[in-house]
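Report on one structure; see the data block that follows.
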Amino acid sequence: MKITEEYYLALGIPEETILAINKELCLITLNKLSSTARPLRIEMLQEAIGWPRGKDQAHRITTEIYKSHDFVVAVGKPGKEAAPDFKRKHYKTGKITNNKNDMNPFIMQAGVKIGKDLTFGDMFEQIGHLMRADIFGLEIFGMLIYRMAFMLDHMKNKENKWRYVPPKISLAVLKKRLPEIEGIPIDVYLYFLDVLALNEDVKMHTMGHENAEGDYGRINTLLTFANLVAVLLNRRSLAKFFFAFAYPPFNRSPLPKIKSLFETFPTLSPVF
Numbered sequence: 001m002k003i004t005e006e007y008y009l010a011l012g013i014p015e016e017t018i019l020a021i022n023k024e025l026c027l028i029t030l031n032k033l034s035s036t037a038r039p040l041r042i043e044m045l046q047e048a049i050g051w052p053r054g055k056d057q058a059h060r061i062t063t064e065i066y067k068s069h070d071f072v073v074a075v076g077k078p079g080k081e082a083a084p085d086f087k088r089k090h091y092k093t094g095k096i097t098n099n100k101n102d103m104n105p106f107i108m109q110a111g112v113k114i115g116k117d118l119t120f121g122d123m124f125e126q127i128g129h130l131m132r133a134d135i136f137g138l139e140i141f142g143m144l145i146y147r148m149a150f151m152l153d154h155m156k157n158k159e160n161k162w163r164y165v166p167p168k169i170s171l172a173v174l175k176k177r178l179p180e181i182e183g184i185p186i187d188v189y190l191y192f193l194d195v196l197a198l199n200e201d202v203k204m205h206t207m208g209h210e211n212a213e214g215d216y217g218r219i220n221t222l223l224t225f226a227n228l229v230a231v232l233l234n235r236r237s238l239a240k241f242f243f244a245f246a247y248p249p250f251n252r253s254p255l256p257k258i259k260s261l262f263e264t265f266p267t268l269s270p271v272f
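Here it is as structure tokens:
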């Protein structure tokens, strides 16, 4: 089914809202998304590798990355894969080693860490609970994740470091329609996804896919989350989503970068 403006109007979305979000999020071209993102990814992962680390997992040093109200998204170093007894095969040399630059992303509220360390499975389950959430809010969430994969909404901060800056109009609408996930404000959840993706770039760099090689790390990770959202919207196949996990790279089922993208997320189209 081709989704048109009438579809959104039938959901009760004002036309001016639809057009404003389309103007803010539309992709003028799908060419070179990965290659354009690569220099930004390299800068950000090199910054992360330089963050201070403690002597072991019991003495992690925290670096705060994003703040929103009394929430903070941070990393602790070293992460669990940096432990001496963690064993993983280097992608290029085949050597068995630990992932020395791994970090532990987490969220704090009022200075206190929230919950346990989230696995991908935990996050899939959290997002899966959104099946009955507001449809347009869920769609905006998926589109922002897609754009985040290619760092389209990252900007340099005052310290000349790349940071995620959600598009204002889309975020404002998202906050009204999908204010939180499992008690975490939606903007904080987006920041956490960005830090999670950053850590995937760092880990891939350390284990052989150096300097944001290909779509390993950030891109495949976030496109997997975007794909899950598309499944919840009933615009992608649930069976194909899970089938992809049976083949390398494990834990990834990325949404195709180009094929059928505008059928999945119509308001990303420049000719909506």
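Using my numbering, the first residue of the sequence shown is number 1, and each one after it goes up by one.
Even for Gly, the Cβ is constructed at its ideal location relative to N, Cα and C.
Nearest residue (CA-CA) to residue i, options the options
{"i": "Ile28", "options": "Ala58, Leu152 and Lys158", "result": "Leu152"}
{"i": "Thr224", "options": "Ser260, Tyr146 and Asn157", "result": "Tyr146"}
{"i": "Leu255", "options": "Val229, Tyr247 and Ser269", "result": "Val229"}
{"i": "Arg149", "options": "Val112, Lys113 and Glu200", "result": "It is Ala, not Arg, that sits at residue 149 in the sequence shown. That would be Glu200, whose Cα lies nearest to the Cα of Ala149."}
{"i": "Glu125", "options": "Leu40, Lys113, Glu5 and Ile181", "result": "Ile181"}
{"i": "Ile258", "options": "Ala226, Phe242, Phe243 and Arg252", "result": "Ala226"}
{"i": "Ser68", "options": "Tyr191, Leu45, Ile3 and Tyr91", "result": "Tyr191"}
{"i": "Gly128", "options": "Pro266, Phe241, Pro14 and Ile42", "result": "Phe241"}
{"i": "Lys113", "options": "Ala48, Glu64, Phe136 and Phe120", "result": "Glu64"}
{"i": "Lys176", "options": "Leu138, Met143 and Phe272", "result": "Leu138"}
{"i": "Asn160", "options": "Leu19, Leu40 and Lys89", "result": "Leu40"}
{"i": "Lys77", "options": "Tyr91, Ala48 and Arg88", "result": "Ala48"}
{"i": "Asp117", "options": "Gly54, Ile18 and Leu196", "result": "Leu196"}
{"i": "Met143", "options": "Glu24, Pro14 and Tyr91", "result": "Glu24"}
Buried or exposed (CB count within 10 angstroms, at least 16 for buried), residue i
{"i": "Met155", "result": "exposed"}
{"i": "Gly217", "result": "buried"}
{"i": "Arg132", "result": "exposed"}
{"i": "Phe141", "result": "buried"}
{"i": "Phe245", "result": "exposed"}
{"i": "Thr264", "result": "buried"}
{"i": "Ile21", "result": "buried"}
{"i": "Glu16", "result": "exposed"}
{"i": "Ala239", "result": "exposed"}
{"i": "Ile219", "result": "buried"}
{"i": "Val231", "result": "buried"}
DSSP bridge partner residues for residue i (one or two, in chain order)
{"i": "Trp162", "result": "Lys156"}
{"i": "Arg88", "result": "Thr97"}
{"i": "Thr62", "result": "Gly76"}
{"i": "Ser68", "result": "Phe71"}
Exercise. Mind listing, in chain order, the continuous alpha helix (DSSP H) runs of no fewer than 4 residues lying wholly within the segment 233 to 259?
Key: Assignment of alpha helix (DSSP H) within the segment 233 to 259, counting only whole runs of 4 or more residues, yields 238 to 243 in chain order.
Quiz item: At a cut of 8 Å, does the segment 165 to 176 reach the segment 3 to 11 through at least three beta carbon pairs?
Solution: Not touching, per the Cβ criterion.
Exercise. Output the residue ranges of the alpha helix (DSSP H) runs that lie fully inside the segment 181 to 231 and measure 4 residues or longer, sorted by chain position.
Key: If one requires a minimum length of 4 residues, the alpha helix (DSSP H) runs lying completely within the segment 181 to 231 are 186 to 206, in chain order.
Exercise. Determine, using beta-carbon pairs with one atom in the segment 70 to 82 and one in the segment 94 to 106, whether at least three such pairs fall under 8 Å.
Key: Under the 8 Å Cβ criterion, the segment 70 to 82 counts as touching the segment 94 to 106, having at least three qualifying pairs.
Exercise. Check whether the segment 207 to 225 touches the segment 47 to 62, counting contact only when three or more Cβ pairs, one atom from each stretch, lie closer than 8 Å.
Key: Touching, no, given that fewer than three Cβ pairs across the two stretches are closer than 8 Å.
Quiz item: Is the segment 230 to 248 touching the segment 192 to 205, taking contact as three or more C-beta pairs under 8 Å?
Solution: Output reads no: the segment 192 to 205 does not touch the segment 230 to 248.
Exercise. Could you say if the segment 106 to 116 and the segment 62 to 77 meet the contact criterion of at least three C-beta pairs nearer than 8 Å?
Key: The answer is yes - the segment 62 to 77 touches the segment 106 to 116, with three or more Cβ pairs under 8 Å.
Self-check item: Entirely enclosed beta strand (DSSP E) segments - the segment 101 to 148, minimum 3 residues
Solution: Within the segment 101 to 148, complete beta strand (DSSP E) segments of at least 3 residues are found at 104 to 109, given in chain order.
Practice problem: Assess, as a yes-or-no matter, whether the segment 157 to 166 is touched by the segment 184 to 204 under the definition of 3 or more beta carbon pairs within less than 8 Å. | Solution: The segment 184 to 204, when compared against the segment 157 to 166, does touch it at the 8 Å Cβ threshold.
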